[in-house]
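Numbering (the numbering used here), first residue to last: 1368 to 1522. Notes for the one structure printed next.
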């Protein structure tokens, strides 16, 4: 497992429990991003939220959406070139993206795995056992509903 803020020495089960309880450096994922969702609702012209799932399933459309958000219109040819450049295959081969060069190794330890992993939606579930998956789904589906956030992380 890659460690961005020092070496983690516990087991995966211990880490998963810490993650589900929100006892990590940034808290739990949803608490970490909740403020951005609220800010986007208050200032939709100033905050754009894009999910990994959107990028994987609709990259050209998402590129066009980002362009529109920043006041730019891209031709189909430019969008195609950008989509190719931003594809998982291209980015996973990029040494800068993977922090293989010009990296502070005291902060980012990339010796165990690359920054870009598999590029698969929902791959996180391959790390969790059935009980952990259920705990995650129960917790996050409830919280997403409470916050009225539409996010399909199970595509």
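We put the beta carbon where it would ideally sit given N, CA and C, even for glycine.
Under the rule that 16 or more other beta-carbon atoms within 10 Å means buried, what is residue i, buried or exposed?
i, result
"residue 1429", "buried"
"residue 1431", "buried"
"residue 1443", "exposed"
"residue 1383", "buried"
For residue i, which residues of its own chain have a beta-carbon under 8 Å away from its beta-carbon, when the five flanking residues on both sides are left out?
i, result
"residue 1493", "none"
"residue 1451", "1457"
"residue 1415", "1407, 1432, 1433, 1436"
Can you tell me where the alpha helix (DSSP H) with residue i in it begins and where it stops?
i, result
"residue 1427", "1426 to 1436"
"residue 1400", "1396 to 1409"
"residue 1487", "Run containing residue 1487: none; DSSP gives neither H nor E here."
"residue 1446", "1443 to 1452"
Taking 7 Å as the limit between beta carbons, can you name the residues of its chain near residue i, skipping five residues before and five after?
i, result
"residue 1423", "1488"
"residue 1418", "1518"
"residue 1503", "1387, 1495"
Rank the options by C-alpha distance to the C-alpha of residue i and give the top, closest one.
i, options, result
"residue 1519", "1421, 1485, 1392, 1451", "1421"
Spatial neighbours of residue i within its chain, please: C-beta separation below 6 Å, excluding the five flanking residues on both sides.
i, result
"residue 1395", "1389"
"residue 1449", "1430"
Is there contact between the stretch 1437 to 1448 and the stretch 1397 to 1411, where contact requires at least three CB pairs shorter than 8 Å?
Inter-segment contact for the stretch 1437 to 1448 and the stretch 1397 to 1411 is absent: fewer than three beta-carbon pairs are separated by less than 8 Å.
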